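Student:
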Amino acid sequence: DDTMQIGSSSSLDVLCERLLRSAAARKVLICTLDGCVVAHAGDRNVFAGVTSTEFTELAAEMLIETQQASHLAVPVEDRFARVGRMHVCAAPLGHQALLLVLYDERSDANLVRIRVRRARPQMLRVLSSGEHSPSVC
203 DDTMQIGSSS SLDVLCERLL RSAAARKVLI CTLDGCVVAH AGDRNVFAGV TSTEFTELAA
263 EMLIETQQAS HLAVPVEDRF ARVGRMHVCA APLGHQALLL VLYDERSDAN LVRIRVRRAR
323 PQMLRVLSSG EHSPSVC
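All you need for my numbering is the position in the sequence shown, starting with 1, plus 202.
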């Protein structure tokens with residue numbers, strides 16, 4: 203069942219957890235354009251060494267692109283990349299935030315793409331409503 207009741211302050215964490223399970227991912231994060239994490243789910247020990255550095259660089263690049271595109275009202279495309287031994291899908295949530303999904307070779311990139319596409323409208327609704335927890339920077 204892909205329908206979700208929106209309204210609790212933990213709605214974004216619930217959506218992250220659902221996306222994590224349905225995409226067989228290792229970590230899901232939602233970051234505001236200033237880099238603050240507003241929701242997450244998954245492994246805490248995913249980031250190590252090169253993966254951490256490469257992931258941070260990719261996230262920063264996507265956040266900057268999303269910020270710049272918001273001034274022009276131009277959509278930013280989802281990006282799929284490899285960081286260390288992991289794969290990452292970086293998907294803008296409108297011009298408000300960035301959805302980051304980390305997964306390994308056990309996950310299918312097409313499945314991740316489909317699950318992100320399905321989760322995005324629900325996440326955008328929660329972000330737009332302001333019914334999410336305060337940012338953690």
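All C-beta atoms, glycine included, are put in the ideal place defined by N, C-alpha and C.
This structure is a prediction, so every number in the text was calculated from the model and none was measured.
In its own chain, which residues sit with a C-beta less than 7 Å from the C-beta of Leu156, not counting the 5 before and 5 after it?
Tutor: This structure cannot settle anything about residue 156, because the visible part of the chain is limited to 203 through 339.
Student: Pick helix, strand or coil for Cys218, following the three-state DSSP scheme.
Tutor: Here residue 218 corresponds to residue number 16 of the sequence shown, with the count starting at 1. Helix.
Student: Could you tell me if His213 is buried or exposed, where buried requires 16 or more neighbouring beta carbons within 10 angstroms of its beta carbon?
Tutor: Here residue 213 refers to the residue found at position 11 of the sequence shown. What sits at residue 213 in the sequence shown is Ser, not His. Ser213 should be labelled buried.
Student: Report all residues from its chain with a CB closer than 6 Å to the CB of Ala271; omit the five preceding and five following residues, and keep chain order.
Tutor: Within the sequence shown, the letter at position 69 stands for residue 271. Correct list, in chain order: Val278.
Student: Excluding the five sequence neighbours on either side, which residues of its own chain have a C-beta within less than 6 Å of the C-beta of Leu326, listed in chain order?
Tutor: Residue numbering aside, residue 326 sits at position 124 when the sequence shown is read from its first letter. Excluding residues within five positions, the ones whose Cβ falls inside 6 Å are Leu295 and Gly296.
Student: Residue range of the beta strand (DSSP E) that Ala321 falls in?
Tutor: Within the sequence shown, numbered from 1, the residue matching residue 321 stands at position 119. Taken as a continuous stretch (DSSP letters only), Ala321 belongs to no beta strand (DSSP E), being part of the alpha helix (DSSP H) at Ala311 to Ser331.
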